[in-house]
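> Residue numbers 247 to 571, in the numbering used here, belong to the letters of the sequence shown in order.
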Amino acid sequence: MNEREQHLRDLRAKLNQYSYQYYVEDNPSVPDSEYDRLMNELIAIETEHPELVTPDSPTQRVGGEPLKGFEKVTHEIPMLSLGDVFNEAELLDFDRRVRQAVGEEVAYVCELKIDGLAISLTYEAGAFVLGATRGDGTTGENITNNLRTVRTLPLTLPNGETVEVRGECYMPKRSFDALNKARQEKGEPLFANPRNAAAGSLRQLDPKVTAHRRLSVFLYSAGRFDREKITSHWELLQYIRKLGLPVNPESRRCTSMHEVFDYIKEYTEKRDQLSYGIDGIVVKVDSMAQQAALGNTVKSPKWMIAYKFPAEEVVSTLEAIEISV
Ligand SMILES: CC(C)(CNC(=O)c1ccc(Oc2ccccc2)cc1)c1ccc2c(N)nc(N)nc2n1
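Printed below as a string of structure tokens:
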């Protein structure tokens with residue numbers, strides 16, 4: 247490897263490290279100006295020497311000309327939505343129905359319900375090739391170029407896996423506050439909440455706009471992957487994490503409803519300290535055999551329920567109407 251290639255490797259490593267500190271650790275070690283300076287240097291060198299560009303280079307994130315519209319994508323395996331419950335009695339009913347149907351003890355996995363936009367990511371032989379919105383569960387929109395700009399989403403997987411994973415794209419509270427502050431200074435309409443800001447940012451036709459919105463992702467499920475080795479949801483989360491994909495660290499395996507209630511109480515209290523918005527807790531049956539035995543209704547699985555937090559008082563702010571066409 248010659249000196250120039252070594253310099254490029256160092257630049258990419260630094261930029262990826264700074265992104266990780268900013269997005270995953272929520273603790274940037276350099277100002278945005280330093281990040282932008284290094285990125286501009288990397289873009290300049292790669293523009294002069296295109297043969298030295300690598301698929302995982304941070305410059306490969308903001309590609310593509312603005313689109314005229316979004317292509318439709320059909321989900322091979324439908325993306326399901328969540329049944330909602332609002333109190334402990336309804337959660338106990340869910341647990342009773344599940345235990346009656348499977349006729350044995352049940353373990354659950356509790357996860358935070360991230361207040362973002364459901365997405366599907368497809369990697370073919372380790373390369374990120376397709377990103378889509380959930381849409382109506384069967385048909386979504388192709389937002390691949392916009393999702394490529396999300397710094398916490400790896401463009402390549404370590405061992406060339408072919409998988410389709412599902413999760414939530416969200417805007418961290420810090421990014422949401424900075425975005426609305428900048429909009430206020432420019433006299434532009436404000437976003438009402440991080441979820442609307444994430445949706446508006448992902449529905450931009452120009453990926454360069456999305457790239458400046460500082461979005462992030464957590465993944466929590468998968469459609470297509472080599473299932474035989476994985477028998478539980480908890481193992482699936484570890485598998486997704488081993489692929490280098492961001493999985494929310496607060497998830498917990500619970501062996502009783504008592505532990506589920508403890509988890510809900512803990513995160514109801516911790517909610518305001520999280521660096522991202524959540525609107526509930528998802529409780530999933532851990533065993534995949536039990537999930538299959540329980541099956542799905544048309545729209546949502548019978549092996550999973552979402553406990554929704556009581557709605558917060560509505561704060562009347564301008565709703566940002568982001569026209570992306
Ligand atoms: C679990 C799933 C419903 C996603 N999963 C799917 O959509 C899904 C749908 C068919 C599948 O098909 C299968 C294929 C083969 C075997 C079994 C299932 C797999 C996953 C879901 C939906 C929303 C969630 C949310 N907002 N927050 C969290 N924390 N978790 C969530 N989990």
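Ideal placement from N, C-alpha and C gives every residue a C-beta, glycine not left out.
Just checking L540 against ligand 1 - is the residue's beta carbon closer than 6 Å to any of the ligand's heavy atoms?
Counting from one through the sequence shown, the residue named residue 540 turns up at place 294. Checking every heavy atom of ligand 1 against the Cβ of L540, none is found closer than 6 Å.
> From what residue to what residue does the beta strand (DSSP E) around A378 run?
Walking along the sequence shown from the start, residue 378 turns up at place 132. Under the DSSP assignment, A378 falls in the beta strand (DSSP E) whose first and last residues are A373 to T379.
> I need the straight-line Cα distance from L338 to M503, nearest angstrom please.
For this step, residue 338 is matched to residue 92 along the sequence shown. For this step, residue 503 is matched to residue 257 along the sequence shown. If you take the alpha carbons of L338 and M503, they lie about 8 Å apart.
> Which whole-angstrom value describes the C-beta separation of A547 and Q536, a residue pair presumed to lie in contact below a C-beta threshold of 8 Å?
Residue numbering aside, residue 547 sits at position 301 when the sequence shown is read from its first letter. Residue numbering aside, residue 536 sits at position 290 when the sequence shown is read from its first letter. This sequence places Pro at residue 547; Ala is not what is there. About 11 Å; that fails the 8 Å criterion.
> For E357, is the classification buried or exposed, using 16 other Cβ atoms within 10 angstroms of its Cβ as the cut-off for buried?
Walking along the sequence shown from the start, residue 357 turns up at place 111. Result: buried.
> Assuming Y466 is part of the beta strand (DSSP E), what are its boundary residues?
Indexing the sequence shown from 1 puts residue 466 at position 220. Here the beta strand (DSSP E) through Y466 covers S462 to A468.
> Does the pairing of the stretch 289-308 with the stretch 256-263 give three or more beta-carbon distances under 8 Å?
Taking one beta carbon from each stretch, the stretch 289-308 and the stretch 256-263 have 3 or more pairs nearer than 8 Å; the two touch.
> Of the residues D341, T368, R397 and D278, which one's Cα is nearest the Cα of N575?
Nothing can be reported for residue 575, as the shown portion of the chain is limited to 247 through 571.
> Does DSSP put M550 in a helix, in a strand, or in coil?
For the purposes of this step, residue 550 is identified with residue 304 of the sequence shown, where counting begins at 1. Of the three classes helix, strand and coil, the one that applies to M550 here is strand, per DSSP.
> Measure the alpha-carbon distance for R412 versus E336 and round it to whole angstroms.
The residue labelled residue 412 in the question sits at position 166 within the sequence shown. The residue labelled residue 336 in the question sits at position 90 within the sequence shown. Each residue's alpha carbon lies about 27 Å from the other.
> Just list the residues that DSSP pairs L358 with in beta bridges.
Taking the sequence shown and counting its residues from 1, the one referred to as residue 358 is at position 112. In the DSSP output, where bridge partners are listed per residue, L358 has I527.
> Is S467 close to ligand 1? I mean its beta-carbon at under 6 Å from any heavy atom of the ligand.
Within the sequence shown, residue 467 is the residue found at index 221, counting from 1. Checking every heavy atom of ligand 1 against the Cβ of S467, one is found closer than 6 Å.
> Tell me, to the nearest whole angstrom, how far the beta carbon of V529 is from that of V506; I am working on the premise that it is less than 8 Å.
By 1-based counting over the sequence shown, the position of residue 529 is 283. By 1-based counting over the sequence shown, the position of residue 506 is 260. Beta-carbon to beta-carbon, V529 and V506 are separated by about 6 Å, close enough to satisfy the 8 Å threshold.
> Applying the criterion that 16 or more other CB atoms from any shown protein chain within 10 Å of the CB defines a buried residue, is A468 buried or exposed?
For the purposes of this step, residue 468 is taken as the residue at position 222 of the sequence shown. Counting Cβ neighbours within 10 Å, A468 comes out buried, since at least 16 surround it.
> Quick one: grab the DSSP three-state call for R499.
As a position in the sequence shown, residue 499 is number 253, starting the count at 1. Reduced to three states, the DSSP call for R499 is strand.
> Where does S366 sit, in a helix, a strand or coil, going by DSSP?
Reading the sequence shown from its first residue, position 120 is the one you call residue 366. Residue state, collapsed to three classes: strand.
> If distances are taken between C-alpha atoms only, which option among L313, H321 and V463 comes closest to I524?
In the sequence shown, residue 524 corresponds to position 278, counting from 1. When each option's Cα is compared against that of I524, the closest is V463.
> Excluding the 5 residues preceding and the 5 following R459 in the sequence, name in chain order all residues of the same chain whose CB lies nearer than 6 Å to its CB.
Within the sequence shown, the letter at position 213 stands for residue 459. For R459, where only same-chain residues beyond five positions count, the Cβ hits under 6 Å are S447.
> Cβ of K488 versus every heavy atom of ligand 1: is any distance shorter than 6 Å?
Walking along the sequence shown from the start, residue 488 turns up at place 242. Checking every heavy atom of ligand 1 against the Cβ of K488, none is found closer than 6 Å.
> For D532, which residues of its own chain have a beta-carbon under 7 Å away from its beta-carbon, when the five flanking residues on both sides are left out?
Along the sequence shown, one-based indexing puts residue 532 at 286. For D532, the CB contacts under 7 Å within the same chain, skipping 5 residues up- and downstream, are A353, Y354, V355, S478, H479, W480 and R499 in chain order.
> Distance, Cα to Cα, V276 vs D282?
Within the sequence shown, residue 276 is the residue found at index 30, counting from 1. Within the sequence shown, residue 282 is the residue found at index 36, counting from 1. So the alpha carbons of these two residues sit roughly 10 Å apart.
> For the alpha helix (DSSP H) that contains G446, what are its first and last residues?
Here residue 446 refers to the residue found at position 200 of the sequence shown. From DSSP, the alpha helix (DSSP H) with G446 extends over P440 to L448.
> Could you tell me whether any non-hydrogen atom of ligand 1 is closer than 6 Å to the CB of L367?
In the sequence shown, the residue the question calls residue 367 occupies position 121. No.
> Within 8 Å, do at least three Cβ pairs link the stretch 389-396 to the stretch 423-435?
The stretch 423-435 is not in contact with the stretch 389-396.
> How close, in whole Å, do the beta carbons of R441 and G381 come, if the pair is a contact with beta carbons under 8 Å?
Along the sequence shown, one-based indexing puts residue 441 at 195. Along the sequence shown, one-based indexing puts residue 381 at 135. Going by Cβ atoms, the distance from R441 to G381 rounds to 16 Å, so no, they are not a contact pair.
> Near A444, which residues of its chain fall below 7 Å by C-beta distance, leaving aside the five closest residues on each side in sequence?
Counted from its first residue, the sequence shown places residue 444 at position 198. Here the set comprises G362, L363, C415, Y416, M417 and L461.
> Can you name the start and end residues of the alpha helix (DSSP H) that K488 belongs to?
By 1-based counting over the sequence shown, the position of residue 488 is 242. For K488, the enclosing alpha helix (DSSP H) has its first and last residue at H479 to K488.
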